[in-house]
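Protein chains in written order, with full-length UniProt numbering: chain Y, 1 to 696; chain B, 1 to 696.
Ideal Cβ positions, reconstructed from N, Cα and C, are used throughout, including at glycine.
Note that the structure is predicted; figures quoted are calculated from it, not measured.
Reviewing the structure listed below.
Structure below.
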């Protein structure tokens, strides 16, 4: 038997072999197991969700010092107080979110909370805020990661923007190809990072307190020329507030866990809450530890190091590279270029990149939830829809890349845009939670429960107040420094999503089915079938066969006379084969196909308006895009036009050419693709069930 | 009644108003009249087809002098002899093509001649040659046009490439929008140009011979430093041959008329032949006239004017701009900046741009013929298929633009690539004609006819020999100067077209219908219909209604459980409305739509392999691309996948949303679009009839 035959056989065999197991995997019976796999134990969930908040301690402390430096080195002694403020805030936020996690285990996160309790406007605001935030997470984390890597590998810092963009491209490709976000893969660098930082703190404390030897950061004997000498009163307060709001960068990504509840092992909420607490504790300790060591080792940083940092009376000049606090401290504690120093630098960079990757997972996740509420195209709603996700990912990467480019991959400048979004969603979701408890309290009778609720409400209320306060501070202190860009981004997202929702609503209204047995206007009485014929070959014969099976009220074959000779031949063969379907030939003076057919069909409709016309088109199915260019073009165009003629139904009868096998296989491969964020999203079924419980 | 209702009414009224006259225009009855309009009288046909060959006298003479200058000004006195050679060649070619026009009035031109008489390979070679030629016509004509314009407006020359590209873009847009190539619009500049040149020659002759006053070109007192002093023997002959083959540029575009026969008024062939003769006569006279005047007014040109032209012993240097011969002569005869000088310069430029435009018309024309023979995608074959033509036009423009960019819009350098293609097709088509006559002579008895044929054959034979000789000369003298690029282009076109043809043949073979009543493998026994339901609304109700009308053997509604709540609601409404079609709901653990449906349908096929499954999909029809992004996406993807599953037919039941009116109107506007080259192509009907006469 011939090549093609063999090929056909082979591929059917293949499909047999692949179909069966697939159906087993997906079919009802084993689904729960399948889901089991994807559910995360705490020890894995922590790194998966916490890489973002934990990694932020890599830059947050530095930002605090940077701002303080404006008032000169004397202001550095405020840093512990700012650290304390951040810690308090962190505890507040974590405490509040533990409430969210219990109340909304469905993974809707802040968006859902705000949406259900404060109405769609608030929900949409949160959504826009989060979307902007994801973009900034990518930009900031990667930039900062590059800076940390640079402290070990100078080359990287010299080509900052290039490297940052490279990482973005890498992450994007990874997520487009669809890497299955595997917990264990995330765990290693995160734990290495955490362990590294703690070792550093411990060893530093040991050397400082026990051995009592002096550790000096590389910048220890630099002198800072304060931009504003002897700042006092309001100006000083303002500066401290700015420093504080920079420090708040440490809180970014806390809400991640509350979005990921469905991915936790049972008892989901409890586990999530515990993880949240652990995460908060770790973050806080690391943050304070680094601040303390920075003070101890006399790290000196300035917003414009080139101009404001002096060494032996001379400014350091443009080519001085200011290393991040964490690496300066590590250098002081472990010693420059020591093994641990390098490991920590690498781990820091890696965990920061992972943090960026979480945005790649969160973006489509949020997208699918928004799509469910019709703020984004429906198809984002369905899982494993590669195309839809790809668009989201590319959008995210594009925006982040743009920011990195504009701000020269300078984490300090990018952080000015950051945080706004975070605190918008913090505040709104906490406010929403208060409403939530009020609603429950209105009905709840059980005293124990009531007490518990009142406690929760108190926590959320304080959270709402505190985060709201911070939001104001952030806005006031950072607006001119770039926060306005973030706000602009939010406005754009908000506007787009409202427009999309409007469109969907308009359409829904337009197509709403009338009550009672649907009106007759849409219900034709008879069907007249028309089979389009170009030549007589297998595809057309198949189309004819199918058309006959359809037993419509009348059936005719239709051909367009583009070349008289061909038409003549067609007529003759029609006779010869004795095909028992009347063949009608349309004339086409200008060798067109679409127009005559459309005109003819319109004619049919005019004659008997209460009939529907079914146009049956034989189609080749080919495997490669370039083949596609060579076939069906006129059929496709005709189809496109026919759709605009009312009372028509268009049927394609496909005929699979051998080459189509290629495409089939490709499609099958794409099916295996798993969308980013599928792990943290957890099984869909569960999610939507719970969400509906809470929506109703 | 509401906005939308009004809108709907309005648009239906509009369609009423536009449909009726359109059907009248296109319908059988009045077609001949309609065609009548498009047929061209000789006086219009001449400018339409001859703008290309006539315009080439604007650069051909200059090229001759340029080459001669290599041997120094002394070689200039060979120019008359070269002119004579070109004239002889021109007469030969014209005489030969007069035979073609009579023998092949179908507009197939050289391609058809070579194809029918020398077989597909030769045909395809000619086709590739012509395609390359069209590209070069655009590049050369526009560059030269810019140079001529520049002789009047210096700015243009200073920004040569930019201006050239601008003109290309302009022409491209014009042709994409679909300008109806109107004869009269072409006539004016062409006739102005011809008249201008003749006035110049006449006035020049009068001043020279009668008034006997000396006219001096602006370059008259420059001295040429010959690159090769005192060239003699073979070297000289070679140089003269090179000069001659440059002069042959005057012959480009002669074949245009033979492609355009169908566009002529009856008696087509005779009129075409006459026009051909007129064109030849005009071209020759102008060519010789300009050469003569150039000699008289002592025009001095050099290949590298900056280096080889001296004024008072000093080289002119880089910033010297060498004006085309025709403008130098015009300056000498009419006087710099005189009214006539400016008019002529403008007319020359304009006619050259028109020449470029003819390529825009010829390219798709040839394309449609090649498509008919399945060397190019089928859809190029049909008329008014905007998309197909657009591709061709963009391809042409892109290639030309590239050449212009690479060669700095320098007509002299571009001409080195030119001509090869022309003479390939000349030679092959003439050879083909000889075969043609031989074939006829084999059967023909009538002596008078025989004598006539023998005479024709003699002419074509001489033509074939002469053009073949020139082809060799061109190849030998110009290969290294750039002819190889043209050859490369030809090879690429040839390879592509062979590949496409191969593909079509393979497919044709694969789908060839078996003899006798077609085998049962493709013929299912029963049809099982499945209507996809997402929600209950007008589109789905309509789809259900149609599905019922289809009276297939079994019918069920199919929905995918993506969100349990929604599904529950759907089930309830289904009950409530008492829809008498069983509703089947598929579970989708991963919130997918495509996969479960595919699996289910495959399952159906497995159960009863001899049944066909008809999947009916309700579709929204919207007006704008961005709306399209918001609808049908999953439906479309599902459709795409279904086509690969054998034994399926996919039916879309469109539901036109109000916004679809916009798209409808757009589509209608596009229909009015007329493809470039439609005039010169003449009515399709006639064309294909005649062609079939001659093919049979």
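A Cβ-Cβ distance of about 13 angstroms is found for the pair residue 70(B) and residue 305(B), leaving them out of contact under the 8 angstroms criterion.
Take residue 657(B), set aside five residues on each side of it, and the residues of its chain with a beta-carbon closer than 7 angstroms to its own are 620, 621 and 622, in chain order. Around residue 350(B), the same chain offers 189 as residues with beta carbons nearer than 6 angstroms, after the five sequence neighbours per side are excluded.
Shown here, residue 189(Y) sits in a helix according to DSSP, grouped into three states.
Here residue 615(Y) is near residue 532(Y), since their CB atoms are less than 8 angstroms apart.
Setting aside the 5 residues that flank it on each side, residue 432(Y) is surrounded in the same chain by 113, 114, 117 and 118, each with a C-beta closer than 6 angstroms to its C-beta; the list follows chain order.
If you look at residue 451(B), you'll find it in the alpha helix (DSSP H) that goes 447-478. Contact between the stretch 354-368 of chain B and the stretch 123-137 of chain B is established, with three or more Cβ pairs separated by less than 8 angstroms.
For the pair of segments examined, the stretch 424-442 of chain B was found not to touch the stretch 259-268 of chain B: the number of CB pairs separated by less than 8 angstroms stays below three. Counting C-beta pairs closer than 8 angstroms gives fewer than three between the stretch 198-215 of chain Y and the stretch 435-449 of chain Y, which falls short of the contact rule.
The CB of residue 476(Y) never comes closer than 9 angstroms to any CB in chain B; the least such distance is about 38 angstroms. Within chain Y, no residue has its beta carbon less than 8 angstroms from that of residue 137(B); the closest one is some 25 angstroms off.
Close to residue 502(B), with beta-carbon spacing below 7 angstroms, lies no residue of chain Y; the smallest spacing is near 11 angstroms.
Chain Y places no beta carbon closer than 8 angstroms to that of residue 114(B), leaving this residue out of the contacts. Residues of the stretch 544-566 of chain B with a Cβ closer than 7 angstroms to any Cβ of chain Y, in chain order: 545, 546, 549, 550, 551, 552, 562, 563, 564 and 565. Residues of the stretch 643-662 of chain B with a C-beta atom less than 7 angstroms from some C-beta of chain Y are 643, 644, 646, 648, 649, 650, 651, 652, 653, 654, 655, 656, 657, 658 and 660, listed in chain order. Annotation for residue 63(Y): the continuous alpha helix (DSSP H) segment containing it runs 60-69. Between residue 607(B) and chain Y, the shortest Cβ-Cβ separation is not below 8 angstroms.
Each of 414(Y), 94(Y), 168(Y) and 436(Y) was checked against the Cα of residue 278(Y), and the nearest Cα belongs to 94(Y). Scanning the stretch 98-131 of chain Y from its first residue to its last, no whole beta strand (DSSP E) run of 3-plus residues comes out.
Identification of chain Y residues near residue 539(B) by a Cβ-Cβ cut-off of 7 angstroms yields 511, ordered along the chain.
Taking the beta carbon of residue 527(Y) as reference, the chain B residues within 9 angstroms of it are 546, 549, 550 and 551, listed in sequence order. Taken in chain order, the complete alpha helix (DSSP H) segments of 4 residues or longer contained in the stretch 588-673 of chain Y are 594-607, 625-630, 633-642 and 660-672.
Taking all protein chains in view, the Cβ of residue 664(B) is crowded by 16 or more other Cβ atoms within 10 Å, so the residue is classified as buried. Residue 492(B) is classed as exposed because its beta carbon has fewer than 16 other beta carbons within 10 Å across all chains shown. Residue 131(B) and residue 392(B) have their alpha carbons spaced roughly 11 angstroms apart. In summary, residue 123(B) is buried, with 16 or more beta-carbon neighbours lying within 10 Å of its beta-carbon over all protein chains present. Bridge partners of residue 532(Y) according to DSSP: 558(Y). With a threshold of 8 angstroms between beta carbons, residue 630(B) makes contact with chain Y. Per the C-alpha coordinates, the member of 295(B), 328(B), 422(B) and 469(B) positioned closest to residue 76(B) is 295(B). By the C-beta criterion, the stretch 247-257 of chain Y is judged not to be in contact with the stretch 339-354 of chain Y, since fewer than 3 inter-stretch pairs fall below 8 angstroms. Between residue 299(B) and residue 207(B), the CB-CB gap reaches or exceeds 8 angstroms.
Excluding residues up to 5 positions away in sequence, 423, 424 and 427 lie with their Cβ nearer than 7 angstroms to the Cβ of residue 471(B) in the same chain. For residue 309(Y), no alpha helix (DSSP H) run applies; the uninterrupted beta strand (DSSP E) run containing it begins and ends at 309-311, by DSSP. By the beta-carbon neighbour count (other beta carbons within 10 angstroms, threshold 16), residue 335(Y) is exposed. Inclusion of residue 83(B) and residue 288(B) in the CB contact set at 8 angstroms is warranted, their separation being smaller than that value.
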